[in-house]
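Visitor:
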Amino acid sequence: MVNTSPTLEFKSSTFFAPILILYTNDMIAIEQTLYEKINLAPDFFKDSPLMIDLRELNKLNLDLDFAQLAQLLRRVGFFPVGIRGGNEQQNKQARALSLPIDTVRELGNSIIIGETQKQESTQQSLTQPEVAAIKEPKEPVQPAAIPPVSATTILVTQPIRSGQRIYASGDLIILSQVSAGAEIMAEGNIHVYNTLRGRALAGVHGNTAARIFCFDLQAELISIAGDYKTSEDLNKQTYNNPVQIYLQNHALIIKEIA
Amino acid sequence: MARIIVVTSGKGGVGKTTTSAAIAMGLAKRGHKTAVIDFDVGLRNLDLILGCERRVVYDFINVINGEASLNQALIRDKNCNLLYILPASQTRDKDALTHEGVGKVLDELSKDFGYIVCDSPAGIEKGANLALYFADDAFVVTNPEISSVRDSDRMLGILSSKSRRAERNEEPIKEYLLLTRYDADRVKLGEMLSLEDVQEILSLELLGIIPESKSVLSASNAGIPVILDEKSEAGQAYADVVARYLGEKLAHRFIDGKQGFLRRLFGGRK
Ligand SMILES: Nc1ncnc2c1ncn2[C@@H]1O[C@H](COP(=O)(O)OP(=O)(O)OP(=O)(O)O)[C@@H](O)[C@H]1O
Ligand SMILES: [Mg+2]
Chain A
1 MVNTSPTLEF KSSTFFAPIL ILYTNDMIAI EQTLYEKINL APDFFKDSPL MIDLRELNKL
61 NLDLDFAQLA QLLRRVGFFP VGIRGGNEQQ NKQARALSLP IDTVRELGNS IIIGETQKQE
121 STQQSLTQPE VAAIKEPKEP VQPAAIPPVS ATTILVTQPI RSGQRIYASG DLIILSQVSA
181 GAEIMAEGNI HVYNTLRGRA LAGVHGNTAA RIFCFDLQAE LISIAGDYKT SEDLNKQTYN
241 NPVQIYLQNH ALIIKEIA
Chain B
1001 MARIIVVTSG KGGVGKTTTS AAIAMGLAKR GHKTAVIDFD VGLRNLDLIL GCERRVVYDF
1061 INVINGEASL NQALIRDKNC NLLYILPASQ TRDKDALTHE GVGKVLDELS KDFGYIVCDS
1121 PAGIEKGANL ALYFADDAFV VTNPEISSVR DSDRMLGILS SKSRRAERNE EPIKEYLLLT
1181 RYDADRVKLG EMLSLEDVQE ILSLELLGII PESKSVLSAS NAGIPVILDE KSEAGQAYAD
1241 VVARYLGEKL AHRFIDGKQG FLRRLFGGRK
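Chains as they are written, first to last, in the working numbering: chain A, 1 to 258; chain B, 1001 to 1270.
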């Protein structure tokens, strides 16, 4: 008989890590700001894993020595766990440091619940880290050949309050109300079996076949694959009614479900 | 183990401190050893409403910094010997409040007290976040107006995502609605939101409606929590709130201001 006790096992799971978005390549300013942030919440940041996001920096065409940054972060007490939005040079440096490169998605692969960030804060040299779920690094990183993301459905039973955001890489099903000032996003469809007062964005990665279903439409904004309507454009007939929303020739159609 | 209650709102001036003082006194009066903590560093208020401002020697921050023991800082209430107040510092800056420090003080209090009431400052900054972080129950104080309701909704989002219970994936904080400064006449005139309007947005378990009442101001001027003014509507409403929180089934009062008729007949209100 063959010995059947397993040597190891792969499991799919997610973990949380703050994302560090840089707006400057000034290492001194970065270090100082990091210390300030850490002092505000030492327990939160101590030994924290950190995802480094260089998109904004590269938009500004600022050059950055990634190896030096990684060193700085370790010195301050973070554990860099990956990079995204890097240029060729930075990705190469990351690979040399055995750091995975995340090239797939805007917002990670899973669910985000937390405070939305104020727009003003992007003016600072460094924003508050946004907490997002990132996928556990897969086996050897092969940026060119990423397997298709398995679309997972997320079910939420609690109310989504003002200031909260939810992101689903597949469909999103919500049983409670979505408050004004809340934002729900899905790469697939969105179902809200209650009142929808906040912002709902389906098909956020361009899936034009995605739909939004809701029990009572009072939304601030609805969007499918980037085509959107704000509450001002919503006509009074469908307002306050159970509806489905879909795209037809780039036009958002809102239809009562009766 | 103590049950930790946070009295919170987001918006300022809606009646958090009034509520904290009233329910802490109410719980103590019913035989539960209760501590009430002022988290509003820089704006001492709670000690005024409880009439102990002249007995403050040490404060919450002194205890956190190890400059005084809890027993030195706690002030026993003059009306009820089961009620203790931990005042806020008027002078020190808010940075002295830390997760670790607050957690330690609450742990120590928990050994000895049945209930700990945390009077949150307004806003969604550090002080407010710390006041709710360790909570088991939240009294969300809301006035019948849209900005207050919006802020309460925001606070509820923070309660469900930024608390210790949320971080540890434990049973969520139990959230209750307290609709305060409710003026039935103005609701009828459409100048204020009705209970239904508020509940449409918040949908929370209602602990009570506290009517707008002059007795609140006179009580706070006298340094006596309004719940001890048993003749006043606000005092009775707070007594109901405490009873409901402790599990009694009482019908809600003061919703439609039926008393308004008598009030008009006899002029003025209690
Ligand atoms: N039911 C009520 N009827 C009349 N006045 C009230 C009532 N409740 C509170 N007030 C008054 O409203 C004002 C604010 O109350 P309070 O200090 O309790 O609010 P707060 O939410 O603690 O404010 P802050 O956000 O500044 O801490 C006080 O002047 C108080 O007397
Ligand atoms: Mg107050």
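Glycine included, each C-beta is placed from N, C-alpha and C at the ideal position.
Note that the structure is a prediction, hence the values are computed from the model and not measured.
Who are the neighbours of Ser162 of chain A on chain B, taking C-beta pairs under 7 Å?
Guide: The answer, in chain order, is Arg1150, Asp1153, Arg1154 and Gly1157.
Visitor: Take Glu120 of chain A and list the residues in its own chain whose beta-carbon comes closer than 6 Å to its own, dropping the five residues that flank it on each side.
Guide: Note that Glu120 of chain A scores 34 on pLDDT, short of 50, meaning its location in the model is unreliable; the coordinates nonetheless yield the value given after this. Cβ neighbours of Glu120 of chain A beyond the five flanking positions: none.
Visitor: Fully enclosed by the region 1108-1151 of chain B, which alpha helix (DSSP H) runs are 4 residues long or longer?
Guide: Here the runs fully enclosed are 1126-1133.
Visitor: Please indicate yes or no: does the CB of Asn58 of chain A lie closer than 6 Å to some heavy atom of ligand 4?
Guide: Ligand 4 is not part of this structure, which contains only ligand 1 and ligand 2.
Visitor: What residues from chain B crowd round Gly198 of chain A, counting only those whose CB sits closer than 9 Å?
Guide: What Gly198 of chain A touches in chain B: nothing, since even the nearest Cβ is about 10 Å away.
Visitor: Quick check: what's the CA-CA separation for Leu64 of chain A versus Gly1103 of chain B?
Guide: So the alpha carbons of these two residues sit roughly 40 Å apart.
Visitor: Measure the alpha-carbon distance for Glu1230 of chain B versus Ala1022 of chain B and round it to whole angstroms.
Guide: Cα to Cα, the separation comes out at about 12 Å.
Visitor: Spell out whether any CB of chain B is found under 7 Å from the CB atom of Ser169 of chain A.
Guide: It does not: the Cβ of Ser169 of chain A has no partner Cβ on chain B nearer than 7 Å.
Visitor: Just how far apart, CA to CA, sit Ile254 of chain A and Leu72 of chain A?
Guide: Each residue's alpha carbon lies about 52 Å from the other.
Visitor: Report buried or exposed for Thr1180 of chain B, applying the criterion of at least 16 other Cβ atoms within 10 angstroms of its Cβ.
Guide: Flag for Thr1180 of chain B reads buried.
Visitor: What does a CB cutoff of less than 8 Å around Leu1250 of chain B pick up in its chain, not counting 5 residues either side in sequence?
Guide: Excluding residues within five positions, the ones whose Cβ falls inside 8 Å are Asp1240, Ala1243 and Arg1244.
Visitor: How big is the Cα-Cα spacing for Gly85 of chain A and Leu99 of chain A?
Guide: Those two C-alpha atoms are separated by around 13 Å.
Visitor: Using the three-state DSSP reduction, which class does Tyr1176 of chain B fall into: helix, strand or coil?
Guide: Tyr1176 of chain B falls in the strand class under three-state DSSP.
Visitor: So with CB distances below 9 Å, who are the chain B contacts of Gln89 of chain A?
Guide: Chain B residues near Gln89 of chain A: none, gap ~38 Å exceeds 9 Å.
Visitor: For Ser98 of chain A, would you say it is in contact with chain B, using Cβ-to-Cβ distances shorter than 7 Å as the test?
Guide: Not an interface residue.
Visitor: For Met27 of chain A, which of helix, strand or coil comes out of DSSP?
Guide: Looking at Met27 of chain A - three-state DSSP - the assignment turns out to be helix.
Visitor: Could you tell me whether any non-hydrogen atom of ligand 1 is closer than 6 Å to the CB of Ala251 of chain A?
Guide: Outside the cutoff, so no.
Visitor: If Ser1009 of chain B and Ser1152 of chain B are in contact, beta carbons under 8 Å, what's the gap, nearest whole angstrom?
Guide: Ser1009 of chain B to Ser1152 of chain B, Cβ: 6 Å. Contact.
Visitor: Verify the CB distance criterion: does Ser179 of chain A have a CB-CB separation below 7 Å to chain B?
Guide: Ser179 of chain A counts as touching chain B.
Visitor: How many angstroms separate the CA atom of Leu1262 of chain B from the CA atom of Tyr1182 of chain B?
Guide: Unreliable placement is indicated for Leu1262 of chain B, whose pLDDT of 48 sits below 50; no coordinate value is reported for it.
Visitor: DSSP has Tyr1058 of chain B in a bridge; who is on the other side?
Guide: According to DSSP, which records beta bridges pairwise, Tyr1058 of chain B is partnered with nothing at all.
Visitor: Compare the C-alpha of Leu1074 of chain B against each of B:Leu1086, B:Val1226 and B:Asp1185 and name the closest.
Guide: Closest by alpha carbon: B:Leu1086.
Visitor: Across which residues does DSSP place Gln248 of chain A in a beta bridge pair?
Guide: According to DSSP, which records beta bridges pairwise, Gln248 of chain A is partnered with A:Ala251.
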